[in-house]
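Visitor: Right, I'll just put the structure down here and ask away after.
Quick look at the structure:
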């Protein structure tokens, strides 16, 4: 949902061209009934989107959550196009070697989980607030904007539960990304991480750092899954200085 990046867009668009797409089914995009909402399909569409809006030239790619595996497929195929890669609380591997995440993935794929997504909008009513470092940062006004985009059970099932189920169902896709990770070894990289994320634990950050030791790392000690929502001024300041080449790890 491009709304998630409103602070970044407002803070950077006077100096840079900023593109924040709504993936199919999310935000204000279309939600066709016969579409594929798996990460693999989102990745194909993202590649097609960039071919239209940024067909040539260098760019900085900022990825978050499922946006990581969705956009990193393109990045792994076009490392020469990347001026810099910015990772924000995301991943690009299967969870086969992570017992806790395997358990979570199995639970997220059950009929009960599907019912909770459809009936109670569990993704946005339960998971989203729990992943904030300080839940007070998710005001009722902000939360309502997200909830309104998924007011219908069918859309929650087709779009949101599809991603929950993909944690197991798309293991081969995630593993394929990880198998190509060396392609990014020479790409300038920043990792901006909310340390109080209940969804993506600090062990995720450790894996990124061990895999890409050249990355500059910025830890948001009090933020959770959405540092760009929870500490937008600091986030935008670091990102802006990163884009102009005046930033160091903190």
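In the numbering used here, the protein residues as written are 672 to 921. The beta carbon of each residue, even a glycine, is placed where N, CA and C say it ideally should be.
(1) Give me the Cβ distance between residue 702 and residue 830, rounded to the nearest whole Å; I'm assuming they're in contact under 8 Å.
(2) Quick check on this structure: which residue in 677, 886, 906 and 824 has the alpha carbon closest to the alpha carbon of residue 894?
(3) What three-state label does DSSP hand residue 910 in the structure shown?
(4) Quick one: measure Cβ to Cβ for residue 910 and residue 679, integer angstroms, because I've assumed they're closer than 8 Å.
(5) Assuming residue 863 and residue 889 are in contact, meaning their beta carbons sit under 8 Å apart, how far apart are those beta carbons, in whole angstroms?
(6) Beta-carbon within less than 7 Å of residue 868's beta-carbon, same chain only, minus the 5 sequence neighbours each way: which residues are those?
(7) Helix or strand or just coil, what does DSSP make of residue 809?
(8) Pairing CB atoms from the stretch 760-774 with CB atoms from the stretch 732-744, are three or more of them under 8 Å?
(9) From residue 883 to residue 746, what does the alpha carbon distance come to, in whole angstroms?
(10) Would you report the Cα separation of residue 877 and residue 731, rounded to the nearest angstrom?
(11) Under a three-way DSSP split, which group does residue 764 fall into?
(12) Could you round the C-beta distance between residue 728 and residue 804 to whole angstroms and report it? I think they count as a contact, below 8 Å.
(13) Measure the alpha-carbon distance for residue 796 versus residue 772 and round it to whole angstroms.
(14) Quick one: grab the DSSP three-state call for residue 753.
(15) Measuring straight from C-alpha to C-alpha, what distance separates residue 693 and residue 768?
(16) Anyone know if the C-beta pair for residue 711 and residue 841 falls short of 8 Å?
(17) Can you give the Cα-Cα distance for residue 823 and residue 789, rounded to whole angstroms?
(18) According to DSSP, is residue 691 helix, strand or coil?
(19) What's the gap between the Cα of residue 874 and the Cα of residue 814?
(20) In whole angstroms, give me the CA-to-CA distance for residue 721 and residue 698.
(21) Rounded to whole angstroms, how far is the Cβ of residue 915 from the Cβ of residue 750, which I believe are closer than 8 Å?
(22) By Cβ distance below 6 Å, which residues in the same chain neighbour residue 714 in space, the five residues on each side in sequence not counted?
(23) What is the rounded straight-line gap between the Cα of residue 757 and the Cα of residue 783?
(24) Determine the extent of the alpha helix (DSSP H) in which residue 678 is found, giving its start and end residues.
Guide: In short, the structure shows the following:
(1) 6 Å
(2) Taking only the C-alpha atoms, the option nearest residue 894 is 906.
(3) helix
(4) 7 Å
(5) 5 Å
(6) 760, 802, 895 and 896
(7) Residue state, collapsed to three classes: coil.
(8) Contact between the stretch 760-774 and the stretch 732-744 is present: 3 or more CB-CB pairs across the two stretches fall below 8 Å.
(9) 15 Å
(10) 23 Å
(11) coil
(12) Their Cβ separation, rounded to whole angstroms, is 36 Å, which puts residue 728 and residue 804 out of contact at 8 Å.
(13) Here the C-alpha atom of residue 796 lies approximately 21 Å from the C-alpha atom of residue 772.
(14) strand
(15) Here the alpha carbons of residue 768 and residue 693 stand approximately 31 Å from one another.
(16) For the pair residue 711 and residue 841, the CB atoms are nearer than the 8 Å cut-off.
(17) If I take the Cα positions, the gap works out to 8 Å.
(18) coil
(19) 28 Å
(20) 18 Å
(21) 22 Å between Cβ atoms; not a contact.
(22) Excluding sequence neighbours, residue 714 sits near 741 and 744.
(23) When rounded, the distance between both Cα atoms is 35 Å.
(24) 677-683
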